[in-house]
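Visitor: What follows is a structure written as structure tokens; I'll ask about it next.
If you want it as structure tokens, here you go:
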């Protein structure tokens, strides 16, 4: 499944833009926050808080996903999940997404319908409406999703509120997608646990609002890698962080994969992106919400981001065009 | 200016993703609706109505724009304008946009900065915040913009509310972008009025909320061509329309260009897309708001969409992959 035409299979050019829109929107349920769904110039979504949280992420074939590694359904799930993770990292509850899709005319219809099945599945899992979109022709598959969310009356939890003395905590898993990438890159398709983690993340959506309610002072979703994203938090807040490796979970599965591939699983945990765990800081007086665990401490800015008190010497994150 | 590297010019790969983000966000003002702007996992935008209007449009190089015909700044303006037109076609006031951009590593930095200058200029013209975005690598330039808007307590004006007997009315110009496309396609660069109309539309943003306040029963922005978009209104509302050509404005400039190129300017007015005028229906008892003019009548569905009482025999609109 590489997005090339299948003999006898229908392509998007055969069905056309409007046929394709009908194909991917028919029969989809909407949550109660969707006041006016797809089919008009724009959609209308409930924003009971009187403010709306908005974020956008674009996924490009060959850069963010490969259709020989992931099914179109996996890619659809991933495209939604990476956006919803950003919404919940503000402490908000996601309400809706819109989907911009560019794809070549020879794209098999099944690729697009399965992509939207994945989008719908992940949206449903998070009780989020797929409320609109745009489908256009292009040389490669580019999926651009924008997600909206509601703050429920709370202030947004930004990257800039961490204070020295705060507890550094994590919810969700790290290193799995990186381990999956290493496996896939060597031509393997198993173990399925890490491979699936690379295909699509499973961010802990509810943990964002829970952290906000508990009093989190700053929060970010780990998309570029723990140390890279803590660097973003550190710069925005004007603090430093020390991550304690004895507080990190290195799952036995990652140890197995690391042993098999001759790789260091702790490096995946510290630097692997795309798992979309949440990292947050809490005042030291707070009881961490369920699912959150302490992984280190918030320090003065001059400390930088350290691991067990020392700088981390290896490559720490991903940057486009670099 | 075709997006290829200029000798000695800096490229996006040289400055990197984070440098590029700094480059295009630095020093941009935000309207009061932007409660939290770019730089965090997500932005926060005022939604005083308690509902938010959302729409998305994706523009692809070579499909929606050509950098040998339009400057990057024009493309940025166009990418924003086509989205804001959808927001105002719901009767809403646009508040913000987010921008997803994919581009090749060898894209000159100036192309991206000028693109964002255009985005910012059009947003400022409409008092809309550019509140966030995502920049990634891809094989071609793809700009995916999502716009948000506020209904100010009014019901959205959908495509489905037209009733037989309603007045069919228009605000904004038609045929200009099509005339510009014909000029550019023949290798000319003037007259500049029609050429610029092809480069970026100037939708009448305020006319959408004004129509809603006046009691418009249905509304759409003319992106695919008047007859094609009236077809969308007709199907959604279960009505027919008759457009009266004696009520349409065929600007002297379009007549001139038509004469020069041996083309029918009325065809451009009836079928040319990309001008993003607004078409709406009003109860016959309503005084049309300023800037709106009657162009025809709303009929029973079996009439279809006709011109001076007869079916229009030529090609009426654009569809992707067709």
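Residue numbers (full-length UniProt numbering), protein chains in the order written: chain R, 1 to 322; chain C, 1 to 322. Glycine residues also receive a C-beta, built at the ideal position from the N, C-alpha and C atoms.
1) With residue 35/C as the anchor, note down where its beta strand (DSSP E) starts and where it stops.
2) Say whether the region 19–38 of chain R touches the region 100–114 of chain C, bearing in mind that this needs 3 or more beta-carbon pairs closer than 8 Å, one atom from each stretch.
3) Got a sec: is the Cβ-Cβ distance from residue 71/R to anything in chain C below 9 Å?
4) What are the start and end residues of the alpha helix (DSSP H) that includes residue 116/R?
5) Report all residues from its chain with a CB closer than 7 Å to the CB of residue 237/C; omit the five preceding and five following residues, and keep chain order.
6) Mind checking if residue 51/C is an interface residue toward chain R, Cβ cutoff 9 Å exclusive?
7) Comparing the C-beta of residue 140/R with each C-beta of chain C, is any distance below 9 Å?
8) Since residue 220/R meets chain C, which of its residues come closer than 9 Å, beta carbon to beta carbon?
9) Counting only C-beta atoms, is residue 159/C closer than 9 Å to chain R at any point?
10) Quick check: the Cα distance between residue 119/R and residue 222/C, rounded to an integer number of angstroms?
11) Looking only at C-alpha atoms, which of 86/R, 224/R and 167/R sits nearest to residue 273/R?
12) With C-beta atoms as the reference, is residue 144/C less than 9 Å away from residue 100/C?
13) Please state whether DSSP places residue 373/R in a helix, a strand or coil.
14) Check each candidate in 21/R, 170/R, 123/R and 126/R and name the one with the smallest Cα separation from residue 295/R.
15) DSSP state of residue 209/C, grouped into three classes?
16) Using a cut-off of 9 Å between C-beta atoms, extract the partners of residue 87/C located in chain R.
17) Pull up the distance between the alpha-carbon of residue 24/R and that of residue 95/C, whole angstroms please.
18) With a cut-off of 8 Å, do at least 3 Cβ pairs link the region 224–233 of chain R to the region 204–215 of chain R?
19) Under 7 Å between beta-carbons, which chain R residues line up against residue 58/C? List them in chain order, please.
20) Output the distance between the C-alpha atoms of residue 234/C and residue 172/R, rounded to the nearest integer angstrom.
21) Tell me whether residue 46/R is buried or exposed, calling it buried when 16 or more other Cβ atoms sit within 10 Å of its Cβ.
22) Using a Cβ-Cβ cutoff of less than 8 Å, which residues in the same chain neighbour residue 284/R once the five nearest sequence positions on both sides are dropped?
23) For residue 301/C, return the contacting residues in chain R, with the cut-off set at a CB-CB distance below 7 Å.
24) Closer than 8 Å by beta-carbon distance: list the chain R residues that pair up with residue 96/C, in chain order.
25) Just curious, the beta strand (DSSP E) that residue 242/C is in, first and last residue?
26) Please list, in chain order, all residues of the same chain as residue 72/R whose beta carbon is under 7 Å from its beta carbon, the five residues on each side excluded.
27) Which value, in whole angstroms, describes the spacing of the CA atoms of residue 300/C and residue 81/R?
28) Any contact of the region 48–61 of chain R with the region 126–141 of chain C, i.e. 3+ C-beta pairs under 8 Å?
29) So residue 406/R contacts chain C; which residues on that side make the cut at Cβ distance below 7 Å?
30) Along the chain, where does the alpha helix (DSSP H) that runs through residue 237/R open and close?
31) Decide yes or no for the touch test of the region 7–22 of chain C against the region 239–248 of chain R: beta carbon pairs closer than 8 Å, at least 3 of them.
32) Counting contacts by CB-CB distance shorter than 9 Å, is residue 156/R in contact with chain C?
33) Determine the burial state of residue 195/R: buried for a count of at least 16 other Cβ atoms within 10 Å of its Cβ, exposed for fewer.
34) For residue 44/C, does the count of other Cβ atoms within 10 angstroms reach 16, so buried, or fall short, so exposed?
35) Let me see if you follow: with CB-CB separation under 9 Å, is residue 115/R close to chain C or not?
36) Are the Cβ atoms of residue 200/R and residue 97/R separated by less than 9 Å?
Guide: Considering the structure as presented:
1) Unbroken beta strand (DSSP E) run through residue 35/C: 34–36.
2) Under the three-pair Cβ rule at 8 Å, the region 19–38 of chain R does not count as touching the region 100–114 of chain C.
3) Output row for residue 71/R: interface = no.
4) That run of the alpha helix (DSSP H) goes 109–125.
5) The beta carbon of residue 237/C sits closer than 7 Å to the beta carbons of 159, 160, 161, 162 and 218 from its chain, once the five residues preceding and following it are set aside; these are given in chain order.
6) Yes - at least one Cβ of chain R is within 9 Å of the one on residue 51/C.
7) For residue 140/R, at least one C-beta of chain C is nearer than 9 Å to its own C-beta.
8) Chain-order list of chain C residues neighbouring residue 220/R: 40 and 41, by C-beta distance under 9 Å.
9) Yes, its Cβ sits closer than 9 Å to a Cβ of chain R.
10) Each residue's alpha carbon lies about 29 Å from the other.
11) 224/R is the residue among 86/R, 224/R and 167/R whose C-alpha sits nearest the C-alpha of residue 273/R.
12) Yes.
13) Beyond the ends of chain R as shown, which are 1 and 322, falls residue 373/R; an answer cannot be given.
14) Of the candidates 21/R, 170/R, 123/R and 126/R, the one whose C-alpha sits nearest the C-alpha of residue 295/R is 170/R.
15) Looking at residue 209/C - three-state DSSP - the assignment turns out to be helix.
16) Going along chain R in sequence order, the residues near residue 87/C (Cβ under 9 Å) are 41 and 42.
17) Distance between the alpha carbons of residue 24/R and residue 95/C is about 29 Å.
18) These segments do not touch.
19) Listed along chain R, the residues sitting closer than 7 Å to residue 58/C by beta-carbon distance are 100, 102, 134, 136 and 144.
20) Whole-angstrom Cα-Cα distance: 50 Å.
21) Residue 46/R is classed as buried because its beta carbon has at least 16 other beta carbons within 10 Å across all chains shown.
22) Answer for residue 284/R: 165, 166 and 167, listed in chain order.
23) Contact of residue 301/C with chain R by beta-carbon distance below 7 Å is absent, the smallest such distance being about 18 Å.
24) Chain order gives the chain R residues near residue 96/C as 54, where near means a beta carbon separation below 8 Å.
25) For residue 242/C, the uninterrupted beta strand (DSSP E) run begins and ends at 240–243, by DSSP.
26) Close CB contacts of residue 72/R within its chain, under the 7 Å cut and outside five residues either way in sequence, are with 111, 114, 115 and 118 (chain order).
27) Each residue's alpha carbon lies about 45 Å from the other.
28) The region 48–61 of chain R, when compared against the region 126–141 of chain C, does touch it at the 8 Å Cβ threshold.
29) With chain R running from 1 to 322 in the structure shown, residue 406/R is simply not present.
30) Looking at the DSSP string, the run of the alpha helix (DSSP H) that includes residue 237/R is 226–237.
31) Counting Cβ pairs under 8 Å, fewer than three are found: no touch.
32) Residue contact with chain C for residue 156/R: present (Cβ-Cβ distance below 9 Å to some residue of chain C).
33) Residue 195/R counts as buried, since no fewer than 16 other beta carbons sit within 10 angstroms of its beta carbon.
34) Buried, by the Cβ-count rule.
35) Under the 9 Å criterion on CB atoms, residue 115/R is classed as non-interfacial with respect to chain C.
36) No, they are not a contact pair.
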